[in-house]
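Written below as structure tokens is the structure these notes are about.
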Amino acid sequence: MKNKILEKLKQSEDFISGQEISKELHMTRAAIWKYINILREDGYNIESVPSKGYRLVSLPDILSYEEIKEYLKTDFMGRSIYYFNSIDSTNKKAKEIAQDEQEGTVIIAEEQTAGKGRMGRSWVSPKGKGIWMSLILKPTMEPMKVPKLTLIGAAAVHKALENMKIKAQVKWPNDILIDGKKICGILTEMSGELNMVNYVIMGIGINVNLDEKDIPDQLKDKATSLKISTGKEINRKELTANILNEFEKLYISFKEKDQMNEVLKICRENSILLGEEVKIIRGNDVRIGKAIDINENGELLIKFEGDKVESIIAGEVSLRGND
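In terms of this note's numbering, the sequence shown is residues 17 to 339.
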């Protein structure tokens, strides 16, 4: 009912009377007043004037479905959104509900108190300054194909940034960088059996409007935000929807036609690793090689000493001298 009142306020360019809302939505004036106050608590600036009614003055910078839907062009991605003001981890919540939710459901929060990146590292997620979301996917595929989904996520984020005239780089397989500094990380987790995926959770964390003071001192040489790198505030609602729009297109191509051409093109052409000397860390094993390509399976091809070429599907990869 709260959202129906919000729609009425958005549709009206001027004041709309409590009586009119009451009549159209079959609610008491007292109930309307209660929901108006809840909307105000959500950040909506609503003016109320006796004998005139209510007027929506300004919208909050929040990532609820009601606020991003005007930018969404998807059929299923983001059409069901669980929105939280604060949560420990969107990936954790997604895993709790994934079994019973439809594909494309998104868990999104203004703040994460225990956000996680790859290798169990903590992810700083300050309130109202980033995009902290998890996508629930239910592809019919073998577990060995799941790493390709991470590349689809990276390509979708890159394309969405490009749509907003922001130039970024892809660091295989799951990071997006600007000027060599990380602004986005993707964490893909899976529940499955030997030959079948039950569901995949793709966590996407983006430093959007973080200021310098929001980035821990120990990360300042490795991480940045869109606001810091572009010098301006970015519309989080538009970017969130843009990512979901681009992801759905690339994901459908992969799911229905096993098509990765566009994804590989984006990841290759904008790669920060290809053509460079890299360090590969797997447990205690550290090797140096040259990144030469990303193959059709989404694996990174590394040329080692003696021209031996190997494909790697996982592990820590960093530019030599940049770690």
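From the three backbone atoms N, C-alpha and C, an ideal C-beta is built for every residue, glycine too.
Exercise. Is it true that the segment 62-81 meets the segment 21-37, where meeting means three or more beta-carbon pairs spaced less than 8 Å apart?
Worked result: yes
Exercise. Over what stretch of residues does the beta strand (DSSP E) that includes Y215 continue unbroken?
Worked result: Walking along the sequence shown from the start, residue 215 turns up at place 199. Note, Y215: beta strand (DSSP E), 213-223.
Problem set entry | Straight-line gap, E292 to S74 (C-alpha atoms, nearest Å) | Numbered from its first residue, the sequence shown carries residue 292 at position 276. Numbered from its first residue, the sequence shown carries residue 74 at position 58. Taking the straight line joining both Cα atoms gives about 48 Å.
Exercise. What three-state label does DSSP hand G208 in the structure shown?
Worked result: As a working note, residue 208 is residue 192 in the sequence shown. Of the three classes helix, strand and coil, the one that applies to G208 here is strand, per DSSP.
For this session: Give the DSSP-derived three-state secondary structure of Q118 in the structure shown.
Result: As a working mapping, residue 118 is identified with position 102 in the sequence shown. Correct three-state label for Q118: coil.
Problem set entry | Nearest residue (CA-CA) to S207, options K111, D116, E228 | Looking up residue 207 in the sequence shown gives position 191. The residue with the shortest Cα to Cα distance from S207 is K111.
Exercise. Below 7 Å between beta carbons: does that hold for E126 and K143?
Worked result: By one-based count along the sequence shown, residue 126 stands at place 110. By one-based count along the sequence shown, residue 143 stands at place 127. Yes. Within cutoff.
Exercise. What are the boundary residues of the alpha helix (DSSP H) that includes L266?
Worked result: As a first step, residue 266 must be located in the sequence shown, where it is residue number 250. Residues 252-273.
Problem set entry | Beta-bridge partners of V333, as assigned by DSSP | Start at 1 with the first residue of the sequence shown, and residue 333 comes out as number 317. For V333, which the question treats as bridged, DSSP gives the partners I296.
Exercise. Could you give the distance in angstroms between the alpha-carbon of T166 and the alpha-carbon of G314?
Worked result: As a working note, residue 166 is residue 150 in the sequence shown. As a working note, residue 314 is residue 298 in the sequence shown. Answer to the nearest angstrom: the Cα atoms are 9 Å apart.
For this session: Determine which residues share a DSSP beta bridge with V73 and list them.
Result: Residue mapping note: residue 73 aligns to position 57 of the sequence shown, counting from 1. Answer by DSSP bridge pairing: none, since V73 is not bridged.
Exercise. With a Cβ-Cβ cutoff of 7 Å, do A172 and F92 count as a contact?
Worked result: Your numbering for residue 172 matches position 156 in the sequence shown. Your numbering for residue 92 matches position 76 in the sequence shown. No; because the gap between Cβ atoms is not below 7 Å, this pair is not in contact.
For this session: Below 6 Å CB to CB, which residues in the same chain sit around I21 once its five sequence neighbours on both sides are set aside?
Result: In the sequence shown, counting from the first residue as 1, residue 21 sits at position 5. Only Y51 meet the Cβ criterion.
Exercise. Start and end of the beta strand (DSSP E) containing E112?
Worked result: Counted from its first residue, the sequence shown places residue 112 at position 96. Here E112 belongs to no beta strand (DSSP E); instead the alpha helix (DSSP H) covers 106-113.
For this session: Give the straight-line distance between the Cα atoms of W188 and E285, rounded to the nearest whole angstrom.
Result: Locating residue 188 in the sequence shown gives position 172, counting from the first residue. Locating residue 285 in the sequence shown gives position 269, counting from the first residue. So the two alpha carbons sit approximately 12 Å from each other.
Exercise. When you compare only the Cα positions, how much space is there between L242 and I78?
Worked result: Residue 242 sits at position 226 when you count from the first residue of the sequence shown. Residue 78 sits at position 62 when you count from the first residue of the sequence shown. Roughly 17 Å between the two C-alpha positions.
Exercise. Are the segment 198-216 and the segment 296-304 touching, with three or more C-beta to C-beta distances below 8 Å?
Worked result: no
Problem set entry | Delimiting residues of the beta strand (DSSP E) encompassing Y98 | As a working note, residue 98 is residue 82 in the sequence shown. Run containing Y98: 97-100, per the beta strand (DSSP E) assignment.
Exercise. Per DSSP, what kind of secondary structure is S28 in: helix, strand or coil?
Worked result: One-based indexing of the sequence shown puts residue 28 at position 12. Three-state result, S28: coil.
Exercise. Can you tell which of I124, V333, I282, I329 has its C-alpha closest to the C-alpha of K306?
Worked result: The count along the sequence shown starts at 1 and reaches residue 306 at position 290. Residue V333 is the option with its Cα nearest to K306.
Problem set entry | Pairwise C-alpha distance: A239 and G146 | Within the sequence shown, numbered from 1, the residue matching residue 146 stands at position 130. Within the sequence shown, numbered from 1, the residue matching residue 239 stands at position 223. Straight-line spacing of the CA atoms in G146 and A239 works out to 13 Å.
For this session: Return helix, strand or coil for G169, following the three-state DSSP convention.
Result: Taking the sequence shown and counting its residues from 1, one reaches residue 169 at position 153. Looking at G169 - three-state DSSP - the assignment turns out to be helix.
For this session: Identify which residue in G69, K295, P76 has its Cα closest to the Cα of G59.
Result: Translated into positions along the sequence shown, residue 59 becomes position 43. Comparing Cα-Cα distances from G59 to each of G69, K295, P76, the minimum goes to P76.
For this session: Have a look at the DSSP bridge pairing and note the partners of K197.
Result: Locating residue 197 in the sequence shown gives position 181, counting from the first residue. BP columns for K197 point to I194.
Exercise. Which residues in the same chain as I328 place their Cβ atom closer than 7 Å to its Cβ, once the five residues preceding and following it in sequence are excluded?
Worked result: Taking the sequence shown and counting its residues from 1, the one referred to as residue 328 is at position 312. Excluding sequence neighbours, I328 sits near I296, E315, L316, I318.
Exercise. Do you know how far the Cα of G322 is from the Cα of M149?
Worked result: Start at 1 with the first residue of the sequence shown, and residue 149 comes out as number 133. Start at 1 with the first residue of the sequence shown, and residue 322 comes out as number 306. Distance between the alpha carbons of M149 and G322 is about 43 Å.
For this session: Could you please give me the residues that DSSP links to I319 through a beta bridge?
Result: Here residue 319 refers to the residue found at position 303 when the sequence shown is read from its first residue. The amino acid at residue 319 is misidentified as Ile; the sequence shows Lys. According to DSSP, which records beta bridges pairwise, K319 is partnered with K306, V325.
Exercise. Can you list, in chain order, the residues of its chain whose CB lies under 6 Å from that of N258, leaving out five sequence neighbours each side?
Worked result: Taking the first residue of the sequence shown as 1, we reach residue 258 at position 242. A176, N179.
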